[in-house]
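Colleague: Take my numbering: the final residue in the sequence shown is number 234, and no numbers are missing along the way.
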Amino acid sequence: MMLEVKNISYEVENNGEGIVILNNISFSCKNCENIVITGENGSGKSTLLKILMGILTPTSGKILLDGKDITNFSIDERAKLGIAYSFQIPVTFKGISVERLLKLAGGENANYCDTLSKMGMCAKDYLFREVDKKLSGGEQKRIDLASVLLRNAKLNLFDEPEAGIDIWSFDRLVDIFSNKSANIIVSHQRKLIEKADKILLLKNGEISAFDKTEKVLPLLSEGKICKKLRRENG
Ligand SMILES: Nc1ncnc2c1ncn2[C@@H]1O[C@H](COP(=O)(O)OP(=O)(O)OP(=O)(O)O)[C@@H](O)[C@H]1O
Ligand SMILES: [Mg+2]
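(1) Since I193 is in the alpha helix (DSSP H), which residue starts that stretch and which ends it?
(2) Could you tell me whether the stretch 195-215 touches the stretch 29-39, using the rule of 3 or more Cβ pairs below 8 Å?
(3) Looking only at C-alpha atoms, which of S169, G61 and E130 sits nearest to L22?
(4) Any heavy atom of ligand 1 closer than 8 Å to the CB of V36?
(5) Determine the closest residue to S178 out of W168, L192, V186 and I167, with distance taken between C-alpha atoms.
(6) Checking the sheet assignment: what are the DSSP bridge partners for V2?
(7) Does DSSP put K80 in a helix, in a strand, or in coil?
(8) Please report the distance separating the alpha-carbon of I127 from that of E11.
(9) D159: buried (16+ other C-beta within 10 angstroms of its C-beta) or exposed?
(10) Could you pull out every residue in the same chain whose Cβ sits closer than 7 Å to the Cβ of K50, ignoring the five residues on either side in sequence?
(11) Tell me the DSSP bridge mates of G39?
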């Protein structure tokens with residue numbers, strides 16, 4: 001698996017005014033690599049992830065998967081090629097049981113009880129419940145993560161997997177991202193950021209750093225990057 005993101009920009013029109021949300025984003029992600037995208041609220045993380053999944057279409061730039069140009073591929077086509085996506089706020093499915101959802105994701109013979117239990121959930125308490133809003137936010141998120149993991153995609157895209165999950169449990173869940181897929185994970189969670197192979201730091205829709213975790217981590221805690229950018233912006 002090789003994902004290449006080349007000069008992606010995303011602009012929207014608001015009251016006749018063009019707003020640049022992402023500007024000239026380029027990076028790549030290879031087999032088994034874990035990349036964490038982090039950055040301030042509104043820096044463009046979710047927008048970038050949605051562009052990778054085909055939920056949004058970039059204004060310019062290209063996305064290649066294993067050398068193939070998938071920029072104009074639909075969500076469905078990308079899913080078939082092996083890309084899975086988990087929303088910042090999970091989607092619910094009224095009338096569908098947890099068991100059905102997990103079977104749809106992983107196939108009839110998938111070991112979904114095991115995956116649920118890795119997510120800290122007792123299968124017998126949840127399999128027959130509906131995947132609806134009666135589940136708590138954290139329960140919805142855990143089930144959503146379980147369904148993405150069960151798909152065994154080549155490339156998983158997670159938008160804030162920690163959202164809604166209590167911090168103590170999430171610390172224990174960090175290991176679920178050491179799977180054999182490549183993972184691109186939008187996150188603000190320190191443990192997860194520290195475990196990544198690379199960090200992509202977004203600032204105002206631009207890449208402010210993209211490098212091995214040990215190189216970017218000190219910049220995050222010292223706030224160096226913010227200061228440098230501020231000077232550059234005058
Ligand atoms: N259609 C749109 N029209 C105007 N502004 C938009 C539109 N879509 C996104 N934005 C803006 O683009 C910026 C990036 O949004 P995005 O959701 O990607 O941020 P984020 O980095 O995921 O933030 P958070 O950490 O809060 O989830 C935000 O300022 C948002 O308000
Ligand atoms: Mg977001």
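All residues carry an ideal CB built from backbone N, CA and C; glycine is no exception.
Modeller: Well, looking at it:
(1) Reading the sequence shown from its first residue, position 193 is the one you call residue 193. Start and end: R190 to K195.
(2) yes
(3) Looking up residue 22 in the sequence shown gives position 22. Cα-wise, what sits closest to L22 is G61.
(4) If you number the sequence shown from 1, residue 36 lands on position 36. Checking every heavy atom of ligand 1 against the Cβ of V36, none is found closer than 8 Å.
(5) Indexing the sequence shown from 1 puts residue 178 at position 178. That would be L192, whose Cα lies nearest to the Cα of S178.
(6) Taking the first residue of the sequence shown as 1, we reach residue 2 at position 2. Checking the displayed sequence, the identity of residue 2 turns out to be Met instead of Val. In the DSSP output, where bridge partners are listed per residue, M2 has K30.
(7) Numbered from 1 along the sequence shown, position 80 holds the residue referred to as residue 80. Three-state DSSP puts K80 in a helix.
(8) As a first step, residue 127 is located in the sequence shown; it is residue number 127 there, counting from the start. As a first step, residue 11 is located in the sequence shown; it is residue number 11 there, counting from the start. It is worth fixing the name first, because residue 127 is Leu in this sequence and not Ile. Approximately 42 Å between the Cα atoms of the pair.
(9) Within the sequence shown, residue 159 is the residue found at index 159, counting from 1. When all chains shown are included, D159 counts as buried.
(10) Taking the first residue of the sequence shown as 1, we reach residue 50 at position 50. Same-chain partners within the cutoff: L56.
(11) As a first step, residue 39 is located in the sequence shown; it is residue number 39 there, counting from the start. For G39, which the question treats as bridged, DSSP gives the partners L202.
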